[in-house]
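J.: I have a structure I would like to understand better, so I am pasting it below and will then ask my questions one at a time.
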Amino acid sequence: MRKPIIAGNWKMNNTVAEGVVLTQEISNNFYRDYTEFVDVIICPPAVDLKAVKGVLEFDKRDIYVGAQNCYFEPSGAYTGEISVKMISDAGCDFCIVGHSERREIFGETNAMINDKVRALVEYQGKKMTPILCVGESLAVRESGDYIDYVTKQVEAALAGIDIFDADQLVIAYEPIWAIGTGRTATPEQAQEVCAAIRSCLANILGGAMAEKIRVLYGGSMNEGNVDSLLEQPDIDGGLIGGASLKASSFVNLVKAAVECQK
Ligand code: PEP
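Here the sequence shown is numbered in this note's numbering, starting from 469 and rising by one per residue.
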């Protein structure tokens, strides 16, 4: 049985003060026993990380904090970049890698994403888990080649990286045409690709490991569609953008994941 994950990606929203208020609202509406059933992750902008972590620690909430990005080099002349050690030091246990906005707007290639996944998995400090995002554009979806496209993204991101433990990796299937558009993939569409990702993981890492790795869906997940998505056998939670910016909707998504475990 895989423990589901509900992860909120705030993207470039919320100053430190706003992030503290939102985290406090989430915390106030959060029952401590939720995290027995679901792993909850908040991914704020980098400058908010420490403050968000501080609120969660003060309130003794077992909610994880994740970064939205990192660079693969350990230190040096990389103006504007943030290392794995820095996000770890700020309190992160997870880091989103290869989000379609990073790929499309900032030109991240499969090779760079592979370097980032490696830097996170091989980090020598406390465990840092990449949330590896993959997903096809509308043009690829309409061409019919989306399974091949997405599984190639997974293969490229994991090339040459040893994964020994299923907790070292989370995958998020995020069809680009569903991100921030209000157009969610149907549960069947999402399940089809998440199952293909799991088969791809089985080919790379072996069936036993693939059965344990969490595969999330992301793309306009909300309170109205979460149940039917989480019912799918290969969908182990969600990476949530818009609906994570309001405490009540984010907590309701967590509750939905708790309910689906009971
Ligand atoms: C995302 O950006 O990861 C995402 C899924 O966004 P939204 O939920 O807003 O579609």
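Glycine included, every Cβ here is placed at the ideal spot set by N, Cα and C.
Bear in mind that the values here come from a model prediction, so they are computed numbers and not experimental data.
Here's the rule: buried if 16 or more other CB atoms are within 10 angstroms of the residue's CB, otherwise exposed. What is P701?
T.: Translated into positions along the sequence shown, residue 701 becomes position 233. P701 comes out exposed.
J.: Within 8 Å of any Cβ in chain B, is that where the Cβ of S717 sits?
T.: The chain labelled as chain B is not found in the depicted structure, where only one protein chain is given.
J.: In this structure, what does DSSP give as the bridge partners for P598?
T.: Indexing the sequence shown from 1 puts residue 598 at position 130. Paired residues: C563.
J.: What are the start and end residues of each continuous beta strand (DSSP E) run of 3 or more residues lying completely inside the region 481 to 564, in chain order?
T.: DSSP runs (the beta strand (DSSP E)) wholly in the region 481 to 564: 507 to 511 and 532 to 535.
J.: Beta carbon of V506, beta carbon of A725: below 8 Å?
T.: Translated into positions along the sequence shown, residue 506 becomes position 38. Translated into positions along the sequence shown, residue 725 becomes position 257. Yes, Cβ-Cβ distance for V506 and A725 is below 8 Å.
J.: Does the separation of the CB atoms of I474 and I708 fall below 8 Å?
T.: Stepping through the sequence shown from its first residue, residue 474 is reached at position 6. Stepping through the sequence shown from its first residue, residue 708 is reached at position 240. Cβ distance < 8 Å, so I474 and I708 count as in contact.
J.: Whole angstroms is fine: what's the gap from L697's alpha carbon to V638's?
T.: Counted from its first residue, the sequence shown places residue 697 at position 229. Counted from its first residue, the sequence shown places residue 638 at position 170. In a straight line, the C-alpha of L697 is about 17 Å away from that of V638.
J.: Could you check how far apart the C-beta atoms of V589 and I555 are, in whole angstroms? I think they sit under 8 Å.
T.: Numbered from 1 along the sequence shown, position 121 holds the residue referred to as residue 589. Numbered from 1 along the sequence shown, position 87 holds the residue referred to as residue 555. Going by Cβ atoms, the distance from V589 to I555 rounds to 14 Å, so no, they are not a contact pair.
J.: Out of E642, D516 and D501, state which residue places its alpha-carbon closest to the alpha-carbon of L490.
T.: The sequence position of residue 490 within the sequence shown is 22, counting from 1. Selected option, being the one with the closest Cα: D516.
J.: Mapping the DSSP letters down to three states, classify R682 as helix, strand or coil.
T.: By 1-based counting over the sequence shown, the position of residue 682 is 214. Three-state DSSP puts R682 in a strand.
J.: Pick from E642, G476, E576 and C560: whose alpha carbon is nearest that of G593?
T.: Sequence index remark: in the sequence shown, residue 593 carries index 125 (1-based). The candidate whose alpha carbon is nearest that of G593 is C560.
J.: For F562, I'd like the list of residues in its chain whose CB is within less than 8 Å of its CB, leaving aside the five on either flank, ordered along the chain.
T.: Translated into the one-based positions of the sequence shown, residue 562 becomes position 94. Excluding positions up to five away in sequence, the list reads A475, I509, C511, Y532, V533, G534, A535, M596, T597, P598, I599 and V638.
J.: Per DSSP, which residues does V638 bridge with? Please list them.
T.: Within the sequence shown, numbered from 1, the residue matching residue 638 stands at position 170. DSSP output for V638 lists I599 and R682 as bridge partner(s).
J.: Does the region 476 to 485 come into contact with the region 522 to 530, if we say contact requires no fewer than three beta-carbon pairs (one atom in each stretch) closer than 8 Å?
T.: Not touching, per the Cβ criterion.
J.: Is DSSP giving L713 helix, strand or coil here?
T.: By 1-based counting over the sequence shown, the position of residue 713 is 245. L713: coil per DSSP, three-state reduction.
J.: Do G603 and P643 have their C-beta atoms closer together than 8 Å?
T.: Taking the sequence shown and counting its residues from 1, the one referred to as residue 603 is at position 135. Taking the sequence shown and counting its residues from 1, the one referred to as residue 643 is at position 175. In this structure, P643 lies closer than 8 Å to G603 by Cβ.
J.: Is N578 helix, strand or coil by DSSP?
T.: Locating residue 578 in the sequence shown gives position 110, counting from the first residue. Correct three-state label for N578: helix.
J.: Within 7 Å: the Cβ of E504 and any heavy atom of the ligand PEP?
T.: Counting from one through the sequence shown, the residue named residue 504 turns up at place 36. Not under cutoff, so the answer is no.
J.: Alpha carbon to alpha carbon, how far is V608 from Y614? Give it in angstroms, no decimals.
T.: For the purposes of this step, residue 614 is taken as residue 146 along the sequence shown, with counting starting at 1. For the purposes of this step, residue 608 is taken as residue 140 along the sequence shown, with counting starting at 1. If you take the alpha carbons of Y614 and V608, they lie about 6 Å apart.
J.: Check whether the Cβ of G709 sits closer than 7 Å to any heavy atom of the ligand PEP, and report yes or no.
T.: Residue numbering aside, residue 709 sits at position 241 when the sequence shown is read from its first letter. Yes - the ligand PEP has a heavy atom lying nearer than 7 Å to the Cβ of G709.
J.: To the nearest angstrom, how far is the alpha carbon of K518 from that of G612?
T.: Along the sequence shown, read from residue 1 onward, the residue named residue 518 stands at position 50. Along the sequence shown, read from residue 1 onward, the residue named residue 612 stands at position 144. The alpha-carbon atoms of K518 and G612 are separated by roughly 43 Å.
J.: Verify the contact flag: G534, CB atom, against every heavy atom of the ligand PEP, threshold strictly below 7 Å.
T.: Working through the sequence shown from its first residue, we reach residue 534 at position 66. Incorrect: G534 has no Cβ contact closer than 7 Å to the ligand PEP.
J.: Can you name the residues that DSSP bridges to A475?
T.: Position 7 of the sequence shown, counted from the first residue, corresponds to residue 475. I509 and L707, per the DSSP bridge assignment.
J.: Output the distance between the C-alpha atoms of Q621 and N578, rounded to the nearest integer angstrom.
T.: Counted from its first residue, the sequence shown places residue 621 at position 153. Counted from its first residue, the sequence shown places residue 578 at position 110. Between Q621 and N578, the C-alpha separation is close to 7 Å.
J.: In the DSSP assignment, find the alpha helix (DSSP H) that holds R666 and state where it starts and stops.
T.: Taking the sequence shown and counting its residues from 1, one reaches residue 666 at position 198. It spans P655 to L673 - the alpha helix (DSSP H) in which R666 sits, taken as one unbroken run.
J.: So the candidates are D527, S568, P513 and F526; which of them puts its Cα closest to the Cα of E549?
T.: In the sequence shown, residue 549 corresponds to position 81, counting from 1. Comparing Cα positions, the closest option is P513.
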